[in-house]
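Under full-length UniProt numbering, the first residue of the sequence shown is numbered 1, with each subsequent residue one higher.
Where a beta carbon is used, it is the ideal one built from N, C-alpha and C, also for glycine.
Computed from a predicted model, the values in this text were never measured in an experiment.
Before any comments, here is the structure.
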Amino acid sequence: MLGWCTCSFLVTESVSSQILCVMAMKINFVIFILPIFCIAFTTSTIDTQNVSVSDKTTGNPIFAVTAMLPSANSSHLLRYPFFQEMVFPAIDIANQKVRDTWGLNISFVRRDTRGNLVEGQVILIQTISENPVYQDAFFGPACEYVASGVGRLLGRYTIPHVTVGGRAYGFLNKYGRKSREFPTLTRVQGTYLKQAKFVIQYMLNMGWNHTFLIFFDNAKPINNDCPFGMAPIYNLMNKSGMLPKYKQMDGQEEYFSYEDLKTILVEMVQPASRVVVMCASGDSIRKIMLAAHELGMTNGEYAFFNIFLFDSNYFGDVTWKRGDKDDEAAKQAYRSLMTFTLRKPETPKFEAFAAEVKERALRDYNFSFDAVGEEVNTFVGAFHDAVILYALALNETLEEGGNPRDGKTLTHRMWNRTFEGIMGNVTIDSNGDREADYSLLEMTDIENGIFTVAGHYDGVAKKYTPVPGVVIDWPGKTPPKDVPDCGFKGEFCIEEDDTGFTVMIMMISMVVVIIVAAIIIIYVVRKYRLEMELANMVWKIKWEDITFNNKMDKQRKLTGSRVSLASGESGQSVWGGNQQIFTVTGYYKGNIIAIKKVNRLRVELTRNVLIDFKHMRDISHDHVTKFIGACIDPPNISVMTEYCPKGSLQDILENDSIELDEMFKYSLLYDIVKGMYYLHNSVIQTHGNLKSSNCVVDNRFVVKITDFGLHSFREPDHAFEPDEDDSFQYYQKRLWSAPELLRLPEMPLGGTQKADVYSFGIIVQEVIYRESVFYVANVDLSPKEIIHKVKQGNKPTFRPTLDRSTCPDEICSLCNRCWAEEPTDRPDFSQLRIIMRKLNKQNEGRSLVDNLLSRMEQYATNLEALVLERTEAFYEEKRKAEELLYQILPRPVAEELKKGKPVTAESFECVTIYFSDIVGFTSLSSESTPLQVVDLLNDLYTCFDSIVNNYDVYKVETIGDAYMVASGLPVRNGDFHAREVARMSLALLSAIKTFKIRHKPDRTLMLRIGLHSGPVVAGVVGLKMPRYCLFGDTVNTASRMESNGEAMKIHISSSIKKILDLFGTFVIELRGEVEMKGKGKQTTYWLLGELKDKNGLCDFKYQEIPV
């Protein structure tokens, strides 16, 4: 009975009875009989309800925790990685955090178990007997055997039990009515069962069902643990339908000779499996691998795995190097060896923690990690996290008013939760066991024999993820097969004993020889043709053979190298009928080609470059631009490709005048998928720079992929590269790049196929939303900020906006898959082609001609709407231009000019001309700034213009403060020209009285006006800034009338007086004879006002004059 109980505890109820039972029988008495006696002796004396011990100084309760660990003072225990002097510095650090954060007073007491099962239980019983009500929790032991007895007793006393040990399957027993051996046990380090799940998942992922387990069982600590670790692996493999076999080595490892190991490999492993999982000391692993190497089992046909948790003397020297004659053979053998281990924290936080632990250990416990060749391992970090976990549960209990010494409740508070530990997030499952993370190590540096991490297993997500950029170097180039082609014993390759067998072999041999000879001949011929083609360089184009359109070049200099599609009409440019140009173009052999400069000072025609050009010449597909050739003549090093006149997909999307319905968008995206599918399955393999500007559209609205291949040729000279690491363009062109490439120090030109899929996902969102690249709704971020967020890889990952209310579910799902953070989670273009075919099923069943006609029909509809819109805009601009023309020239003159008729000078028998200026304007200008003078004149003439519009007059010009108006031209109005100008003059004189100067509000302007009537000649003068000018003596006389006038008066000649007298409404006063330059003495008058009705004059100065 005792033997069965021990076996079920240590391993599992379903494991083969041959494993571990013999060893377990040896400790039955200590594990079962002694704890039962102790429980019976002490149970009746313990009552933990409502008991508290307080600090006499502060009054705060003290919580007593006993840590049961072996001490380094026992020299034979230095092999352990978790004795007191290593662990207690970490406990002290955590305890200090607990005091600072929650104010809890936890007192830790060290008890030395000496790694002995009996010693551990005796210490526990003594501790509880001496202080039955003061023991709040126990930490440790970490050894499986000691933890088994201690855990049962603590479960009986319902005292919380927290440890990094107890990893065996039997410690899982915490629930159930009939048997609850460890109800208060919490395990804060990964268990063997969870480790087994990682091993099983990896095996199943690789398709391996036949495995062989090799492990030792003797008195050494590492090999004592091996049966516990291998048993769950064996049982889970059976439950998963796998076919495991095992060999348990009983006894000291030294008893097994090199020949014994070879015999085991030949007689047991080779007939059963090609995958071997081992648990042994470092020296035994090396002996097994050397034996396998000698037997030819490390050439790639077999895969070997060993298990150790972390680097420690506890596991021995796990490296291949010993400094002996077998080192080179061992290094080669270890290429077939991989290691399952706990994931090592590599954060700055843990490194600082490790440094502090070493410092405290030396200072407080007189222990040097370096002296014994140990590092701060994950066991030490787990004890730190155990203190934090216990304190979290204790603090929550106190805050809720619970009993802090209710061990059952306190234990359950530690279960099923996640918190931040020193090694990262710590997750304890619902059974009180930690979900640990593991790693797979593999030899990546073959020359130096260095192992690095090849992948990680997430214990919470139950998922294995390879490390990006790390490829496992299988000695056979591929993983070993689960079952060899001929079976483990050659049973699938049956030899036939037939007399014709030899003849058949000879015939087959002859056929093989003929085939091989034919293959060699074909190879030689093809290689000869290849070399000839490489030597001929048919792709080479001389720069002189390319012709350029001078008119086109001139316009390109003015507008830049690229013109938006919206700047032309109906797909044509503004250059008089030539096609619109989106890139540098030229003519080669009569065809227009696209030219892209390459940033290189010179080109070295290596074989790789020549082969790249040959591959580009061979590329031909409907959705890939045709490679024309390349020019390698400095400084015109460039690549020439087929020119697509509709520009890029980015140009189409940015042109709001082009309408794209849902099916049209799907059709464009489907074109990209077909082009990329072809590239990925061609010798090019990747694009590396896929973005909407590299998807060009031909005149049939078919999308084609461009700017691919020639990576060795396109690679720029470093001396030629501009320093643009922090420029807007530098980050803008990387918005399509996958995060795994952005994190690299230097992005490879060729990229990867999965990175191309990510870029396609960005393009899909760009097409669906027709917004800028990487559009994020309601967020204004620069490209640099976007790139920084993408590189961080925080969860949830930062990606463009996808709103299911505006974006179809299928497209949202497609985008999310394409831009997944893990490249392996992204689909390839063969899958995308199937998805897009379903989305584009409306067009898929139609012929190519039908699809092209449909696209062109939609394009024609868009053009029709565009023409209508542009026509309306044209008429609006025409109206504005005419209004401006009417402001510059008289309307009749402008109408003649619009009709294309010449405007000849015209003679007018009698018109009236008005001249005025500001009295004292020169002195006022000297007292003002130029800007104030401009503002003054603008305000004054704006006022004058508003008055002039009320009369049948034409404003001729303004020069400084001079203002010139005429009436009676270009449209004759009889004698009314004198009346209109006279009335306008009276109105202006009235307005100037109330006019305010902005910068001198207290000063009043005084206007001086002169009027004269007579004949003139008028016409348009000049082509640039044409003016309607008046010529004749009448103009001079009117100017003399103004200059000889007085302030705030209207000075008129006798000729205009005679006309005004005809109306009989104007009040005129004789001034007398005035001497005028070039005229002699002239009789002039003052215009005082106009009689409007019986109430008086319109002019403010003469309102008292009766009718």
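Can you say whether residue i is buried or exposed, counting buried as having 16 or more other CB atoms within 10 angstroms of its CB?
{"i": "A777", "result": "exposed"}
{"i": "S44", "result": "Note that S44 has pLDDT 33, beneath the 50 cutoff, so the model's placement of it is unreliable and the number below is only indicative. The residue is exposed, with fewer than 16 neighbouring Cβ atoms inside 10 Å."}
{"i": "A905", "result": "exposed"}
{"i": "I125", "result": "buried"}
{"i": "V1035", "result": "buried"}
{"i": "E746", "result": "exposed"}
{"i": "N425", "result": "exposed"}
{"i": "F171", "result": "buried"}
If we ignore side chains and look at the alpha-carbon of each, how far apart do residue i and residue j end up?
{"i": "N95", "j": "T101", "result": "10 angstroms"}
{"i": "Y246", "j": "D618", "result": "56 angstroms"}
{"i": "D225", "j": "G402", "result": "39 angstroms"}
{"i": "S923", "j": "D1033", "result": "31 angstroms"}
{"i": "G675", "j": "H621", "result": "7 angstroms"}
{"i": "F664", "j": "A333", "result": "59 angstroms"}
{"i": "Y587", "j": "H687", "result": "27 angstroms"}
{"i": "L1087", "j": "K1000", "result": "30 angstroms"}
{"i": "T824", "j": "T641", "result": "33 angstroms"}
{"i": "R322", "j": "K262", "result": "21 angstroms"}
{"i": "K197", "j": "Y643", "result": "57 angstroms"}
{"i": "R870", "j": "I763", "result": "30 angstroms"}
{"i": "I285", "j": "Y192", "result": "20 angstroms"}
{"i": "R600", "j": "P783", "result": "27 angstroms"}
What does a CB cutoff of less than 6 angstroms around residue i pick up in its chain, not counting 5 residues either side in sequence?
{"i": "I786", "result": "F774"}
{"i": "S439", "result": "T341, R343, V453, H456"}
{"i": "E1073", "result": "K1081, T1083"}
{"i": "V30", "result": "For V30, the pLDDT reaches just 38, beneath the cut-off of 50, and the residue's location in the model is therefore unreliable, although a value from the coordinates is still provided. Answer for V30: L117, V118, listed in chain order."}
{"i": "V1017", "result": "A905, S907, F1031, G1032"}
{"i": "F488", "result": "P271"}
{"i": "H161", "result": "F138, G151, L154, T184, L185"}
{"i": "N694", "result": "T706, D707"}
{"i": "M86", "result": "V380"}
Report the three-state DSSP secondary structure of residue i (helix, strand or coil).
{"i": "A630", "result": "strand"}
{"i": "residue 1111", "result": "Nothing about residue 1111 can be reported from this structure: the residues present for the chain run from 1 to 1107 only."}
{"i": "K1049", "result": "strand"}
{"i": "L1091", "result": "strand"}
{"i": "A147", "result": "helix"}
{"i": "P348", "result": "helix"}
{"i": "K1000", "result": "coil"}
{"i": "M964", "result": "strand"}
{"i": "M338", "result": "strand"}
{"i": "T958", "result": "strand"}
{"i": "T127", "result": "helix"}
{"i": "L1007", "result": "strand"}
Might you give, ordered along the chain, the residues of its own chain that have their beta carbon closer than 8 angstroms to the beta carbon of residue i, omitting 5 neighbours on each side?
{"i": "I200", "result": "I233, L236, M237, S240, M242"}
{"i": "D612", "result": "G709, L710, H711, S712, F713"}
Pick from the options: whose alpha carbon is nearest that of residue i?
{"i": "D473", "options": "V387, R714, L337, K596", "result": "L337"}
{"i": "Y914", "options": "R1040, T922, G407", "result": "R1040"}
{"i": "D327", "options": "A361, R529, K287", "result": "K287"}
{"i": "W320", "options": "L1060, I422, M443", "result": "M443"}
{"i": "S682", "options": "R413, F708, Y769, D1002", "result": "F708"}
{"i": "E1075", "options": "G1045, E1090, G1089, S1055", "result": "G1045"}
{"i": "G166", "options": "V511, V188, L153", "result": "V188"}
{"i": "G282", "options": "I307, M289, D317", "result": "D317"}
{"i": "A168", "options": "G151, I159, P800", "result": "G151"}
{"i": "C112", "options": "V98, Q135, F88", "result": "Looking at the sequence itself, residue 112 is Asp, so the reference to Cys does not match. The candidate whose alpha carbon is nearest that of D112 is F88."}
{"i": "I705", "options": "L172, S648, K880, R110", "result": "S648"}
{"i": "D945", "options": "G590, A991, A820, L931", "result": "A991"}
{"i": "D545", "options": "G459, K527, K197, D633", "result": "D633"}
Short of 7 angstroms in beta carbon distance, which residues of its chain neighbour residue i, apart from the five on each side in sequence? Order them along the chain.
{"i": "A987", "result": "I947"}
{"i": "Y677", "result": "F829, S830, R833"}
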